Ligand code: ADP
Ligand code: MG
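Residue numbers (my numbering): 88 to 393.
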């Protein structure tokens, strides 16, 4: 059966210091996973800042082209460019939610305009009453109403409301896959759980598959069905979330878990350089060439070094 999404041995290398420079960054190295079409889930990608999470998300959205490997959505290659029919059909099914809602919305444009233009371009609606109904339905799914949001500019909403509106905008076209790149990191701590619970409700009530990208282990533990842990572009451990997070095997996965207890992190997505595990993790990075993921009996895969 065709997968919803198949990330097939995907790598992304960026040149640094101009096209003629030999310097490069391997942002993503051989990422490989599939999402099932029949079983909506929350698939979490976690790693500290710079581990390649956003690059992977942008490739899945067709905003970046892989250097090698391929990405299939419902069996067909993700259309990467243009405004053609194929790209539009893809975007109606795969929608992003970005980190900072205040950046995602133009401060001079009313928030409802984003929802109505999504309804027009992806649902093909033209009648104002139909557009209002589509907007209201999407806003209801995130606990807002058109009466609350209609006519408002971004600064007239709270960060939490605005991120909900961003999710509502993504939901207008009834996508089957939502890619949420650190959706709660710019939202007040007190409102984070409401957004996280919303993602859960989308999976359970609307059957939306969610790729949840985060550096926050607590929310990841709370909502994830499966998890994929990245260290400097490489997947180091992946599998059922509880199996992996209850007893992580890879040193970097253990470091990530230990860092939750560190106060120095303060949500910045960086690890506190105090743990004894750090040297071990750095050492493994040096030995990563020729390393490979090995399946374990409990359903996870762990990177092993030669
Ligand atoms: P994350 O989202 O996990 O913080 P990113 O995917 O943003 O990680 O970045 C991974 C690596 O790729 C980083 O070293 C970053 O500097 C580099 N990178 C990301 N985008 C570009 C780009 N457009 N050009 C060059 N390097 C990039
Ligand atoms: Mg990022």
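In this text, a Cβ means the ideal position worked out from N, Cα and C, and glycines have one as well. Quantities reported herein were computed from a predicted structural model and do not represent experimental measurements.
Nearest-angstrom Cα separation, counted from residue j out to residue i
i	j	result
residue 194	residue 240	7 angstroms
residue 296	residue 392	33 angstroms
residue 367	residue 337	10 angstroms
residue 294	residue 378	36 angstroms
residue 256	residue 201	7 angstroms
residue 220	residue 227	10 angstroms
residue 388	residue 211	43 angstroms
residue 311	residue 270	14 angstroms
residue 134	residue 119	16 angstroms
residue 277	residue 245	12 angstroms
residue 147	residue 331	24 angstroms
residue 260	residue 374	45 angstroms
residue 230	residue 251	8 angstroms
residue 284	residue 182	18 angstroms
residue 207	residue 238	18 angstroms
residue 88	residue 122	11 angstroms
residue 235	residue 204	18 angstroms
residue 291	residue 329	18 angstroms
residue 386	residue 124	19 angstroms
The ligand ADP heavy atom lying under 8 angstroms from the CB of residue i
i	result
residue 114	yes
residue 205	no
residue 141	yes
residue 190	no
residue 318	no
residue 370	no
residue 149	no
residue 243	no
residue 272	no
Option in the options with minimal Cα separation from residue i
i	options	result
residue 334	320, 317, 308, 318	308
residue 144	261, 109, 234, 92	92
residue 268	103, 139, 107	139
residue 321	172, 198, 339, 310	339
residue 382	327, 210, 311	327
residue 364	314, 247, 384, 342	342
residue 129	319, 371, 314, 385	314
residue 126	264, 329, 385, 247	264
residue 282	114, 141, 188, 176	188
residue 99	142, 90, 182	142
residue 345	303, 385, 370	303
residue 262	386, 218, 160	160
residue 287	273, 254, 215, 175	254
residue 184	258, 173, 196, 306	258
residue 173	154, 186, 209	209
residue 137	153, 114, 155, 298	114
Residue i classed as buried or exposed, judged by whether at least 16 other C-beta atoms fall within 10 angstroms
i	result
residue 110	exposed
residue 164	exposed
residue 103	exposed
residue 190	exposed
residue 243	exposed
residue 199	buried
residue 149	buried
beta-carbon residue i near the ligand MG non-hydrogen atom, thresh 8 angstroms
i	result
residue 99	no
residue 250	no
residue 482	The structure shown has nothing for residue 482, since the chain only spans 88 to 393.
residue 300	yes
residue 269	yes
residue 186	yes
residue 155	no
residue 311	no
Chain D within 9 angstroms of residue i, Cβ atoms only
i	result
residue 281	Annotation note: the requested chain D is absent from the structure, which comprises a single protein chain.
Any alpha helix (DSSP H) of 4 or more consecutive residues that is wholly inside the segment 153-180:
172-180
Quick check on the DSSP output: what are the complete beta strand (DSSP E) runs of length 3 or more inside the segment 266-345, in order along the chain?
296-301, 313-318, 321-327
Within the segment 171-247, note down every full alpha helix (DSSP H) run reaching 4 residues or more, in order along the chain.
172-180, 188-191, 198-210, 215-228, 233-236
Write down every uninterrupted run of the alpha helix (DSSP H) in the segment 100-125 whose length is 4 residues or greater and which is fully enclosed by it, in chain order.
none
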